[in-house]
């Protein structure tokens, strides 16, 4: 319940305070007196954007404060818990607009964000006008209104969560499939490259060994003739033969019994042994290099193939083994991507099934709720002088979305001879006001304590119809506080509390004030509403009659 509203330095208001009461609170006054300023001020303290040139003057600081009784409003207390502000029976909101254009907001004297104010506004007040884009005229909001009437918050939440999960998985699946398509070419490359490398059967360090072998063979070919001649010079026909011949001659001279001859023979024997070793080493060199004449060509072909592969993969030849391992790892990753696509596909199918199941249950609930709402509206439209009107809620199939698979439309017929049509096209301004009032009564049945504000919802109606609207507003105020801005004397007479909003010419200019009316002053105000500027005795009598009839 809205307990009080305090406004300072907002347009024509210098300082205004209104304490509202339980039941039906009525605000009346001439057009342009400033009633809309009060509503704009309340919207401002509830988080709405500030209006252009809102300050009474450029140097003024605007300030709006509101006090709510939330002892019976669990939703408001829950919001306070979520934003970390202690909840009490009273809630104090305050918002300041500085001359610089910056705003500062407070909840229970604690600085807060506009989003926090907005969240509280949703569970504190409902503001309705004759043209309510969020209500009857906007078909996009009909589904939300029906869900609210049926208490589908949890079911809608489940459908919305299921849709979100499904859409997220679909996005991940699309991305994974795009990667899979791109990976198809990579897979072909990896498989071909691995086959090519495996066919090469490259051994660890083979490149270096082949290069060493090729170098050795080329050097041997270059110096083979010299090695051959050295071998001939050492062999039997060369030095080794000559030394053996010298030994033979010296042995013939052995009878000389000259010790120095024997020493010479021994030295020559050692020379023959060294020459034999040298010849053996040269034979090993020859045997290690003098092989198939085509070996160098085969080595070079092998080296060319190895190094061509290394260039192809932009690595050194000794890194090709690592390339094989890397490509094998890539193939493994691609296989895991295939598994991921399969898993996401299965998960998406399961989430789609779960979403459709939840959406189907919600759809069934909406069809049942539409029948209940139509019956409830039938009961409400009769007292509002719409007894021949037919209100019908149509629930039809719609494309899948976060709110389910249904399209909801409110249709009416005000003439039994005509079929129901869109409410915005069929109902007149006054009829639309009464349909809206009836709908709000149905929606607020059993709702928590919120303040319902109706801004000239009785425009375009009068007489008995206005009286019926006033009585319904008074009846509605028995379960929730109601504030109504009205130009209808019949509605004004139904109020439990009555304020007149008026402009006064003061020393510093025109100012808007609010005057709480006692019983006598109410008669004068309602008489003014009945007769205009000149209040007659007959108008006062009619006003008193209206008040007595409540």
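Numbering (the numbering used here), first residue to last: 7 to 556. Using N, Cα and C, we set each Cβ at its ideal position, and we do this for glycine too.
- Counted as a single uninterrupted DSSP element, the stretch harbouring residue 541 is not any beta strand (DSSP E), since DSSP gives it neither H nor E.
- For the pair residue 304 and residue 310, the Cα-to-Cα distance works out to about 10 Å.
- Between residue 519 and the set 506, 513, 245, the nearest pair of CA atoms involves 506.
- With 16 or more other Cβ atoms inside 10 Å of its own Cβ, residue 471 counts as buried.
- Within its own chain, the residues whose Cβ lies closer than 7 Å to the Cβ of residue 411, once the five positions on either side in sequence are excluded, are 365, 369, 403, 404, listed in chain order.
- Its Cα nearest to that of residue 112, the residue 52 stands out among 131, 52, 256, 79.
- Annotation for residue 421: no alpha helix (DSSP H) segment contains it, and DSSP assigns it neither H nor E.
- Residue 535: member of the alpha helix (DSSP H) spanning 525-537, first to last residue.
- Short of 8 Å from the beta carbon of residue 119, and not among the five residues preceding or following it, lie these beta carbons of its own chain, in chain order: 111.
- For residue 31, the uninterrupted beta strand (DSSP E) segment begins and ends at 30-34.
- Classified as exposed, residue 221 has fewer than 16 neighbouring CB atoms from the shown chains inside 10 Å of its CB.
- The three-state secondary structure of residue 509, taken from DSSP, is strand.
- With respect to residue 217, residue 324 sits apart: the two C-beta atoms are not nearer than 8 Å.
- Spanning the alpha carbons of residue 284 and residue 307 requires a straight line of approximately 35 Å.
- Contact check for residue 439 against residue 463 passes: the beta carbons are separated by less than 8 Å.
- In terms of CA proximity to residue 130, 85 leads the group 168, 85, 59.
- Here the C-alpha atom of residue 460 lies approximately 12 Å from the C-alpha atom of residue 447.
- Membership of residue 112 in any alpha helix (DSSP H) is not indicated; the residue belongs instead to the beta strand (DSSP E) covering 109-113.
- The Cβ neighbour count for residue 37, taken over all protein chains shown within 10 Å, is under 16; the residue is labelled exposed.
- Separation of the CB atoms of residue 253 and residue 274 is rounded to 5 Å, and the pair is thereby assigned contact status at 8 Å.
- For residue 149, the enclosing alpha helix (DSSP H) has its first and last residue at 148-156.
- Under the 10 Å beta carbon count, residue 243 is surrounded by fewer than 16 other beta carbons and is classified as exposed.
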